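Visitor: One rule links them: number in my numbering = place in the sequence shown (from 1) + 979.
Below is the structure I would like to discuss, written out as structure tokens.
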Amino acid sequence: MNTLRTEAIEASKKSHSPYSKAKVGSALITEDGTMYSGCNIENASFGGTVCAERVAIWKAVSEGHSKITQLYIYTVDGWPPCGLCRQVLSEFATAKTQIFVGDAKGVEQEYSFGELFPLAFTPDKLDSIS
Ligand code: ZN
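Structure (structure tokens):
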């Protein structure tokens, strides 16, 4: 997990956050052990803003990975993932996916994805549509 934390902190340094000034970094590990990281990227339209977690997820998925086993989110104050990121993560995580939230003081919280998002709207919900 120390590697994930280090990667998330490094990613946060690349944050494009001129509006909120909140630097967020995320790093994840896929099922085969590949690591991806991302930072938040804000946009003057605000609606075009993307969280660090989703940047990391999209980088992984765009490189052919669809199973995430661990995800770390770093902010100075230890912010958990927003609801939209939890929904996006539900497409590529399982209830057992480990989610780590870390802050600048080194305090870390660990959750299972199932704890963070117990009633996720997952792809299997669409199985009844044909
Ligand atoms: Zn988010």
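For every residue, glycine included, the Cβ atom is placed at its ideal position computed from N, Cα and C.
As the structure is a prediction and not an experimental result, all values here were calculated from the model.
1. Beta-carbon within less than 8 Å of Asp1011's beta-carbon, same chain only, minus the 5 sequence neighbours each way: which residues are those?
2. At a threshold of 7 Å, does Cys1018 count as lining ligand 1 (C-beta to nearest heavy atom)?
3. If you drop the 5 nearest sequence neighbours on each side, which residues of the same chain put their C-beta closer than 6 Å to that of Val1040?
4. Provide the residue(s) that pair with Cys1018 in DSSP beta bridges, ordered along the chain.
5. If you measure from each CB to the nearest heavy atom of ligand 1 and keep those under 7 Å, what residues do you get, in chain order?
6. Less than 6 Å between C-beta atoms, sequence neighbours within five positions excluded: which residues of the same chain meet that for Ile1008?
7. Applying the 10 Å Cβ sphere with the 16-neighbour rule, what's the burial state of Tyr1063?
Guide: Per the coordinate set shown:
1. If the five residues before and after Asp1011 are omitted, its C-beta is found closer than 8 Å to the C-beta atoms of His1044, all from its own chain and listed in chain order.
2. Ligand 1 has no heavy atom closer than 7 Å to the beta-carbon of Cys1018.
3. Excluding sequence positions up to five before and after Val1040, its CB lies less than 6 Å from no other CB in the same chain.
4. According to DSSP, Cys1018 bridges with Gly1004.
5. Those residues, listed in chain order, are Cys1030, Glu1032, Arg1033, Pro1060, Cys1061, Leu1063 and Cys1064.
6. So the qualifying residues of the chain are Met1014, Thr1048 and Gln1049.
7. Rather than Tyr, the amino acid found at residue 1063 in this sequence is Leu. Leu1063 counts as exposed, since fewer than 16 other C-beta atoms from the protein chains shown sit within 10 angstroms of its C-beta.
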